[in-house]
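For the sequence shown, this note's numbering gives the first residue as 103, with consecutive numbering after it.
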Amino acid sequence: MNSKKSKYHLLVLMDLSKASEAALKNAVHLAKEINGKVEVFHVKSPADVAKYENQFSAMRAIQEDTSNVQSKLMKLIREIEKEEKVVITLQISYGNAKQAIKDKIDSVKPDLVILGKRKNNLMNFLEPDITKFVLKECNANILISGEDNKFHSFDDISLGVYGETIHKEGLEIISDLKTNEEDPIRFFRIRNPNNSDKSVTTEQNKKWAVSYTFSEGENALDGLASYITGTNTQLFCIPRKQNENASWFGLSRINDLIYKLNIPVLILR
103 MNSKKSKYHL
113 LVLMDLSKAS
123 EAALKNAVHL
133 AKEINGKVEV
143 FHVKSPADVA
153 KYENQFSAMR
163 AIQEDTSNVQ
173 SKLMKLIREI
183 EKEEKVVITL
193 QISYGNAKQA
203 IKDKIDSVKP
213 DLVILGKRKN
223 NLMNFLEPDI
233 TKFVLKECNA
243 NILISGEDNK
253 FHSFDDISLG
263 VYGETIHKEG
273 LEIISDLKTN
283 EEDPIRFFRI
293 RNPNNSDKSV
303 TTEQNKKWAV
313 SYTFSEGENA
323 LDGLASYITG
333 TNTQLFCIPR
343 KQNENASWFG
353 LSRINDLIYK
363 LNIPVLILR
């Protein structure tokens, strides 16, 4: 087990799905690459467990469910800990899922929140729109894991970024991921053709960047997703601080793009 002080705190939101299992495995691999610690957080509404009028019966049902869920999650965690030589902590909470998640994120202030993604759908973490809620309401970097169950490698990963620059808030984690400067970061953007063109910068060596520009239009996101896939980008980053396209590339289009991509997407705060 690695005992040195961790640089990053990774919080994995888990249900008991294969998608969230893949997200946890990806989180562990990422943590090993950037010197991070991993915490698992699971939330369930008491109403999903205790549908009894008798308070004692309801409490017993909650206790039994907690034991069952904890047993399943700990079995998975112990297997990963043994294989990867890491320590993973776990917290199970009962209550309103959205509020519990927001309170948890506000309390521990993780550097990265990680969620899984099911085939053709963002992870339904207890509520259908929980991922959208996290994207909208939580001030954290958010990683939406890829669709499959592969153990994604984050070693010298091929990075793509939406926009014209990496702001300082997201530059450190990108720099820790991007150790091989021979392979450039690819910048993708969709711009209004009436706006003047601007150069792409990374606040580092400009040789580090290659730019792809698309014009706004009905098929802009499809073209963007196709190019991201075609360039073998392995992780796509979307800074929340957009510039000229802030009004066009909002939360709804970020969600649409996540649906269209089969790779992990990192939303930078």
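Every residue, glycine too, gets a C-beta built ideally from N, C-alpha and C.
Remember, predicted model here, so these are calculated numbers, not experimental data.
Next item on the list: May I ask which residues mark the beginning and end of the alpha helix (DSSP H) holding lysine 174?
Entry: 157-186
Notebook entry, point to check: How long is the line joining the alpha carbons of lysine 120 and lysine 127, rounded to whole angstroms?
Noted result: 11 angstroms
Margin query: Quick check on DSSP: helix, strand or coil for isoleucine 276?
Written below: helix
Check: Which stretch, first to last residue, makes up the beta strand (DSSP E) that contains asparagine 243?
Finding: Counting along the chain, the unbroken beta strand (DSSP E) around asparagine 243 starts and ends at 243-246.
Notebook entry, point to check: In this structure, what does DSSP give as the bridge partners for tyrosine 237?
Noted result: In the sequence under discussion, the amino acid at residue 237 is leucine, which differs from the tyrosine named in the question. Looking at the DSSP assignment, leucine 237 forms no beta bridge with any residue, so it has no partner.
Check: If you run the structure through DSSP and keep just helix, strand and coil, what is threonine 315?
Finding: It is a strand residue.
Next item on the list: From the DSSP output, in three-state form, read off glutamine 201 for me.
Entry: helix
Check: Bridge partners of glycine 138, per DSSP?
Finding: Tyr110
Check: Between which two residues does the alpha helix (DSSP H) harbouring leucine 118 extend?
Finding: First-last for leucine 118: undefined, no H or E at that position.
Item checked: Residue range of the unbroken alpha helix (DSSP H) whose run includes leucine 353 -> 353-362
Note to self: Could you give the first and the last residue of the continuous beta strand (DSSP E) run that contains glycine 262?
What the structure shows: Start and end: 261-264.
Note to self: Give me, in chain order, the residues of the same chain whose beta-carbon lies closer than 6 angstroms to that of lysine 134; leave out the 5 immediate sequence neighbours on both sides.
What the structure shows: none
Note to self: Helix, strand or coil, according to DSSP, for proline 148 in the structure here?
What the structure shows: helix
Note to self: For the beta strand (DSSP E) containing isoleucine 194, name the first residue and the last one.
What the structure shows: In this chain, the beta strand (DSSP E) harbouring isoleucine 194 covers 190-196.
Notebook entry, point to check: Based on the DSSP secondary-structure assignment, which residues constitute the bridge partners of valine 215?
Noted result: Leu113, Ile244
Item checked: Burial state of serine 209 (16 or more Cβ within 10 Å) -> Serine 209 should be labelled exposed.
Next item on the list: Take the Cβ of glycine 332 as the centre, count every other Cβ of all protein chains shown within 10 Å, and call the residue buried at 16 or more, exposed below.
Entry: exposed
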